[in-house]
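Enquirer:
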Amino acid sequence: MSRRSSRRRFWAPGRVNLIGEFTDLAGGVALPAALDLGITLECEPDDARIELHSRELGESVTFAA
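Just so we're aligned, residue 40 is where the sequence shown starts under the numbering used here, counting upward by one.
#1: Going by alpha carbons, who is nearest to residue 80 out of 89, 72 and 57?
#2: Residues in the same chain with beta-carbon distance under 8 Å from residue 103, minus the five sequence neighbours each way, listed in chain order, please.
#3: On the premise that residue 74 lies in contact with residue 52, defined as a C-beta separation below 8 Å, what is that separation, rounded to the nearest angstrom?
#4: For the putative contact between residue 67 and residue 59, defined by C-beta atoms under 8 Å, what is the C-beta separation to the nearest angstrom?
#5: Suppose the cutoff is 6 Å on Cβ atoms and the five residues either side in sequence are ignored; what does the same chain contact list for residue 56 look like?
Written out as structure tokens, the structure reads:
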């Protein structure tokens, strides 16, 4: 019987506000733009722990779920 992996990968682009930083909160205009830099999250279910790892820093942190 084949078991499908439950590991998932998500990517979200970075964002920069070219103009209007915080003015949109007061009803003003803003001009945000997506960047080609972003963050990748790879996850799989584990009832006991949550582990975060940074490839750039080569460090991990683990804590109870």
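Every residue gets a Cβ at the ideal spot worked out from N, C-alpha and C, and that includes glycine.
Expert: Inspection of the coordinates gives the following:
#1: Counted from its first residue, the sequence shown places residue 80 at position 41. Measuring from the Cα of residue 80, the nearest candidate turns out to be 89.
#2: Your numbering for residue 103 matches position 64 in the sequence shown. The answer, listed in chain order, is 87, 88 and 89.
#3: Here the question's residue 52 lines up with position 13 in the sequence shown. Here the question's residue 74 lines up with position 35 in the sequence shown. About 6 Å separates the two Cβ atoms, so the contact holds.
#4: Taking the sequence shown and counting its residues from 1, the one referred to as residue 67 is at position 28. Taking the sequence shown and counting its residues from 1, the one referred to as residue 59 is at position 20. With 8 Å as the limit, residue 67 and residue 59 qualify as a contact, their Cβ atoms being about 6 Å apart.
#5: Indexing the sequence shown from 1 puts residue 56 at position 17. Shown here for residue 56: same chain residues with a beta carbon closer than 6 Å to its own, the five before and five after excluded, namely 69 and 71 in chain order.
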